[in-house]
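Note that this note's numbering numbers the sequence shown so that position 153 is 150, with each residue one more than the last.
Cβ coordinates follow ideal geometry from the N, Cα and C atoms, glycine included.
What you are looking at is a predicted structure, and each value in this text was computed from that prediction instead of being measured.
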Amino acid sequence: MPPARERVRVVGVDCPTCVLAIQEELRKVGAELDVDIATGDAIVVYDPSRTSLAEVYRAVRGAGYDLEKASLTLSVRLGPEGAPSFEERVSRPPGVFTCRFSPASGLARITYNPLSATPEQILRAIESLGYAVEGVGEEGVEGRGLRPLWVPLASLSLGLPVIALHVSEAAGWLSPQGLERHKYRGV
């Protein structure tokens, strides 16, 4: 199988030492990198029979750097037993870094290389694997039962006084003896 070549943009690389650290991690997974320090643009060459773009992505992250990426959230009708197979198969198409699927919400989040793939190409690749998917925007995510950020923050702010009250009672601070012991004594 011929080596795969992937154009990527490395985030945070600004010196030759950075490049060496990344190259060292990539050698561990059987990949090579040629990067322009000024722009972060790079070409990664790897053997797809030995490693994957997802492993290249993890190796760059392991070196302390990141790759420019975009994400796509999709609705997928799939049971919990199919999640591992779905994630593994969807991580294979060109340009895909990772795929995470939640059986609870029915949503898959795919991170991909925007320099080599488009959302339409990824959708076509997933459909060619036999899965029925549809794109979901942020309004669709909220409509699927995922809570907006203000809900847990409101719960936390309402729950903290209750927790403080229970801790005070457990420590004996609110008993008549505890109140007498801890009564304010003026100076």
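Open item on the list: So, does the stretch 67 to 84 touch the stretch 24 to 31, judging by three or more C-beta pairs under 8 Å?
Closed with: Taking 8 Å as the limit for Cβ pairs, the verdict is that the stretch 24 to 31 does not touch the stretch 67 to 84.
Task: Spatial neighbours of Glu166 in its chain, beta-carbon cut-off 7 Å, leaving aside the 5 residues before and after - done: To locate residue 166, count along the sequence shown from 1; it is residue 169. Excluding sequence positions up to five before and after Glu166, its CB lies less than 7 Å from no other CB in the same chain.
TODO: Compute the beta-carbon to beta-carbon distance between Arg6 and Glu65, rounded to the nearest angstrom, for a pair I have assumed lies under 8 Å.
DONE: Working through the sequence shown from its first residue, we reach residue 6 at position 9. Working through the sequence shown from its first residue, we reach residue 65 at position 68. With a beta-carbon spacing of about 4 Å, Arg6 and Glu65 fall inside the 8 Å limit used to define contacts.
- [ ] Decide yes or no for the touch test of the stretch 152 to 168 against the stretch 42 to 54: beta carbon pairs closer than 8 Å, at least 3 of them.
- [x] By the C-beta criterion, the stretch 152 to 168 is judged not to be in contact with the stretch 42 to 54, since fewer than 3 inter-stretch pairs fall below 8 Å.
TODO: Kindly indicate which three-state DSSP category Thr14 falls into: helix, strand or coil?
DONE: Position 17 of the sequence shown holds residue 14. Here Thr14 sits in helix by DSSP.
Open item on the list: Give me, in chain order, the residues of the same chain whose beta-carbon lies closer than 7 Å to that of Gly37; leave out the 5 immediate sequence neighbours on both sides.
Closed with: As a position in the sequence shown, residue 37 is number 40, starting the count at 1. The beta carbon of Gly37 is closer than 7 Å to those of Arg6, Val7, Val8, Val10 in its chain, skipping five residues each way along the sequence.
- [ ] List the DSSP bridge partners of Asp38.
- [x] The residue given as residue 38 occupies position 41 in the sequence shown. Among the bridge pairs identified by DSSP, Asp38 is matched with Arg6.
Task: the stretch 155 to 164 contacting the stretch 94 to 110, beta-carbon criterion three pairs below 8 Å - done: Segments in contact, no.
- [ ] Compare the Cα-Cα distances from Ala67 to each of Cys15, Arg106, Gln20 and report the closest residue.
- [x] Here residue 67 corresponds to residue number 70 of the sequence shown, with the count starting at 1. With distances taken between Cα atoms, Ala67 lies closest to Arg106.
Open item on the list: In the DSSP output, which residue or residues are listed as bridge partners for Glu52?
Closed with: Along the sequence shown, one-based indexing puts residue 52 at 55. Paired residues: none, contrary to the question.
TODO: Would you identify the three-state DSSP class for Arg58, choosing helix, strand or coil?
DONE: Walking along the sequence shown from the start, residue 58 turns up at place 61. DSSP places Arg58 within a helical segment (H, G or I) once states are collapsed to three.
Task: Sequence-distant residues of its chain with Cβ nearer than 8 Å to Cys12 (five each side left out) - done: Working through the sequence shown from its first residue, we reach residue 12 at position 15. Result list for Cys12: Ile34, in chain order.
- [ ] Tell me the start and end of each unbroken alpha helix (DSSP H) in the stretch 58 to 118 that is at least 4 residues and wholly inside, in chain order.
- [x] Whole alpha helix (DSSP H) segments, 4+ residues: 80 to 87.
Open item on the list: Tell me the rounded alpha-carbon separation between Ser82 and Val16.
Closed with: Numbered from 1 along the sequence shown, position 85 holds the residue referred to as residue 82. Numbered from 1 along the sequence shown, position 19 holds the residue referred to as residue 16. Near 34 Å, if we compare the C-alpha coordinates of Val16 and Ser82.
Open item on the list: Rounded to the nearest angstrom, what separates Val138 and Thr70 at their Cα positions?
Closed with: Counting from one through the sequence shown, the residue named residue 138 turns up at place 141. Counting from one through the sequence shown, the residue named residue 70 turns up at place 73. Note that Val138 scores 41 on pLDDT, short of 50, meaning its location in the model is unreliable; the coordinates nonetheless yield the value given after this. Near 9 Å, if we compare the C-alpha coordinates of Thr70 and Val138.
Task: Span of the beta strand (DSSP E) around Gly194 - done: Only positions -2 to 184 of the chain appear in the structure, and residue 194 is not among them; the question remains open.
Task: Beta bridge counterpart(s) of Asp31 as assigned by DSSP - done: In the sequence shown, the residue the question calls residue 31 occupies position 34. Among the bridge pairs identified by DSSP, Asp31 is matched with Ile40.
Open item on the list: Just to confirm, is the Cβ distance from Ser113 to Pro149 under 8 Å?
Closed with: As a first step, residue 113 must be located in the sequence shown, where it is residue number 116. As a first step, residue 149 must be located in the sequence shown, where it is residue number 152. No, the pair does not count as a contact, with Cβ atoms beyond the cut-off.
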